[in-house]
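Student:
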Amino acid sequence: MSEVAGLGALVTGGGRGIGAAIATALTRSGAEVTILGRNQAALAARVKAGDAARYVVADVTDEIGFAAIVTKLAADGTIDILVNNAGAAISAPFLKTGSSDFHRMLNVNLMGPMIATQAILPGMIARKFGRIVNIASTAALKGYPYVSAYVASKHALLGLTRSLAVELAKSGVTVNAVCPGFTDTDMVGTSVETVVAKTGRTAEAVRAEFTKSNPMGRLIAPEEVADAVCFLARRDSGAITGTAIAVAGGEI
Ligand SMILES: NC(=O)c1ccc[n+]([C@@H]2O[C@H](COP(=O)([O-])OP(=O)(O)OC[C@H]3O[C@@H](n4cnc5c(N)ncnc54)[C@H](OP(=O)(O)O)[C@@H]3O)[C@@H](O)[C@H]2O)c1
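Residue numbering for the sequence shown follows this note's numbering, beginning at 1 and increasing consecutively.
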């Protein structure tokens with residue numbers, strides 16, 4: 001039996017990008033996967049394609065609404081694997097990054113995972129088994145220019161991961177982070193467009209800048225991030241907690 005077969009999983013932001021790759025990989029390994037996001041059409045298409053068992057529409061920054069939805073999900077079924085993947089990035093020089101930008105980044109990249117974890121953790125503790133995987137970033141492990149709010153929010157997410165891991169060490173619940181480098185999704189596409197619009201450089205030149213930070217000279221594939229998540233989610237990965245796995249071609 002596959003090491004995640006039969007386990008229930010929730011993947012936030014599972015409708016596209018890295019989250020969709022994670023949902024697909026877990027589903028192919030036999031997990032019962034629920035995907036969550038704002039875009040109903042994208043989520044429904046993934047379920048129709050057989051890449052997830054069901055979907056839920058929710059905005060992780062709607063604190064009260066999101067808490068109610070994940071609490072209901074936890075009550076209605078067993079969630080053994082929680083993948084906090086939904087996230088967003090903004091880029092601007094620090095002096096042009098206002099407090100509302102910092103709040104926006106913290107809401108989506110830190111508070112979203114915190115709310116989901118608070119709702120789902122009690123069931124995991126009661127069952128003495130759980131796998132929480134937070135999709136952080138290399139931006140949780142080092143600084144990058146022009147993305148201070150994003151970098152701060154991802155460092156915060158890694159801090160939450162490490163703290164919870166030791167708090168829960170004897171509970172059967174592991175808490176880890178996966179830290180991708182620049183990965184080939186809409187997020188990088190949007191960042192390239194932003195830099196092109198602000199600097200007038202060509203998209204090729206900006207894309208080359210992103211790939212240069214990876215010693216392998218390429219973007220990471222979403223499926224490569226998904227592989228690391230599946231490894232951490234396995235039943236027999238129970239001794240691995242509080243760690244941050246960089247999937248970044250040697251950048252870290
Ligand atoms: N791409 C990279 O280079 C890279 C590198 C390191 C880390 N990461 C991290 O990996 C994760 C996934 O990123 P990605 O590259 O796959 O980005 P993406 O292609 O832009 O996808 C973002 C995902 O997050 C969901 N999402 C965003 N805001 C949400 C909200 N308020 N409520 C619910 N869902 C929301 C989106 O769902 P809807 O469209 O349905 O709202 C979408 O599924 C993020 O946490 C990101 O920070 C990405």
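Every residue gets a Cβ at the ideal spot worked out from N, C-alpha and C, and that includes glycine. This one's a predicted model, so the numbers in the text were calculated from it and none came from an experiment.
Following a CB-centred definition, is Ile245 positioned closer than 7 angstroms to any heavy atom of ligand 1?
Tutor: Your numbering for residue 245 matches position 245 in the sequence shown. For ligand 1, not one heavy atom lies less than 7 angstroms from the Cβ of Ile245.
Student: If you measure from the CB of Ile18, is any heavy atom of ligand 1 nearer than 7 angstroms?
Tutor: As a working note, residue 18 is residue 18 in the sequence shown. Yes.
Student: In the DSSP output, which residue or residues are listed as bridge partners for Arg38?
Tutor: Stepping through the sequence shown from its first residue, residue 38 is reached at position 38. Paired residues: none, contrary to the question.
Student: Nearest by alpha-carbon distance to Glu209: which of Ser191, Glu223, Ala140 and Val225 is it?
Tutor: Against the sequence shown, residue 209 aligns to sequence position 209. Comparing Cα positions, the closest option is Ser191.
Student: Could you tell me which uninterrupted beta strand (DSSP E) segments, each at least 3 residues in length, are contained entirely in the stretch 69 to 145, listed from first to last along the chain?
Tutor: You should have 81 to 84 and 130 to 135.
Student: Looking at C-alpha atoms only, which residue of Gly30, Thr71, Arg16 and Gly65 is the closest neighbour of Ala44?
Tutor: Taking the sequence shown and counting its residues from 1, the one referred to as residue 44 is at position 44. Of the candidates Gly30, Thr71, Arg16 and Gly65, the one whose C-alpha sits nearest the C-alpha of Ala44 is Arg16.
Student: Can you give the Cα-Cα distance for Ala9 and Thr24, rounded to whole angstroms?
Tutor: Within the sequence shown, numbered from 1, the residue matching residue 9 stands at position 9. Within the sequence shown, numbered from 1, the residue matching residue 24 stands at position 24. Approximately 11 angstroms between the Cα atoms of the pair.
Student: Mapping the DSSP letters down to three states, classify Ile22 as helix, strand or coil.
Tutor: Numbered from its first residue, the sequence shown carries residue 22 at position 22. Helix, per DSSP.
Student: How far does the alpha helix (DSSP H) with Leu232 in it reach, from first residue to last?
Tutor: Locating residue 232 in the sequence shown gives position 232, where the first residue counts as 1. Segment Pro222 to Ala233, the alpha helix (DSSP H) holding Leu232.
Student: Ends of the beta strand (DSSP E) at Gly8?
Tutor: As a first step, residue 8 is located in the sequence shown; it is residue number 8 there, counting from the start. From DSSP, the beta strand (DSSP E) with Gly8 extends over Gly8 to Thr12.
Student: Going by CA-CA distance only, name the one from Gln40, Ala41, Asn39 and Ile22 that's closest to Glu32.
Tutor: On the sequence shown, residue 32 is found 32 positions in, with the first residue counted as 1. Measuring from the Cα of Glu32, the nearest candidate turns out to be Ile22.
Student: So what's Glu204 in DSSP terms, helix, strand or just coil?
Tutor: Indexing the sequence shown from 1 puts residue 204 at position 204. If DSSP states are grouped into helix, strand and coil, Glu204 belongs with the helices.
Student: Are Ile132 and Thr71 close, meaning C-beta to C-beta below 8 angstroms?
Tutor: Position 132 of the sequence shown, counted from the first residue, corresponds to residue 132. Position 71 of the sequence shown, counted from the first residue, corresponds to residue 71. No, these two residues do not count as a Cβ contact at 8 angstroms.
Student: Could you have a look at Ala248 and say whether DSSP puts it in helix, strand or coil?
Tutor: Against the sequence shown, residue 248 aligns to sequence position 248. Coil at Ala248, not helix or strand.
Student: Have a look at Leu73, Ala149 and Thr211 and flag the residue whose alpha-carbon is nearest the alpha-carbon of Lys96.
Tutor: Position 96 of the sequence shown, counted from the start, is the residue given in the question as residue 96. It is Ala149 whose Cα lies nearest to the Cα of Lys96.
Student: Rounded to a whole number of angstroms, what is the C-alpha to C-alpha distance between Arg38 and Ala20?
Tutor: In the sequence shown, the residue the question calls residue 38 occupies position 38. In the sequence shown, the residue the question calls residue 20 occupies position 20. Computed Cα separation, rounded: 13 angstroms.
Student: Flag Thr12 as yes when its Cβ comes closer than 7 angstroms to any non-hydrogen atom of ligand 1, and as no otherwise.
Tutor: As a working mapping, residue 12 is identified with position 12 in the sequence shown. Result yes, Cβ under 7 angstroms from ligand 1.
Student: Just to confirm, does Pro215 get its C-beta within under 7 angstroms of one of the non-hydrogen atoms of ligand 1?
Tutor: By one-based count along the sequence shown, residue 215 stands at place 215. Flag unset: Cβ of Pro215 not near ligand 1.
Student: Roughly how many angstroms lie between the CA atoms of Leu160 and Lys128, to the nearest whole one?
Tutor: Looking up residue 160 in the sequence shown gives position 160. Looking up residue 128 in the sequence shown gives position 128. Answer to the nearest angstrom: the Cα atoms are 20 angstroms apart.
Student: Going by beta-carbon coordinates alone, are Ala248 and Cys179 separated by less than 8 angstroms?
Tutor: Along the sequence shown, read from residue 1 onward, the residue named residue 248 stands at position 248. Along the sequence shown, read from residue 1 onward, the residue named residue 179 stands at position 179. Yes, they are a contact pair.
Student: Measuring alpha carbon to alpha carbon, tell me which residue in Ser100, Lys154, Lys142 and Ala126 is nearest Gly172.
Tutor: To locate residue 172, count along the sequence shown from 1; it is residue 172. That would be Ala126, whose Cα lies nearest to the Cα of Gly172.
Student: Cβ of Ser137 versus every heavy atom of ligand 1: is any distance shorter than 7 angstroms?
Tutor: Start at 1 with the first residue of the sequence shown, and residue 137 comes out as number 137. Flag set: Cβ of Ser137 near ligand 1.
Student: Ligand 1 and Arg207: does any heavy atom of the ligand fall closer than 7 angstroms to the residue's C-beta?
Tutor: Indexing the sequence shown from 1 puts residue 207 at position 207. No; taking the cut-off as 7 angstroms, the Cβ of Arg207 has no heavy atom of ligand 1 nearer than that.
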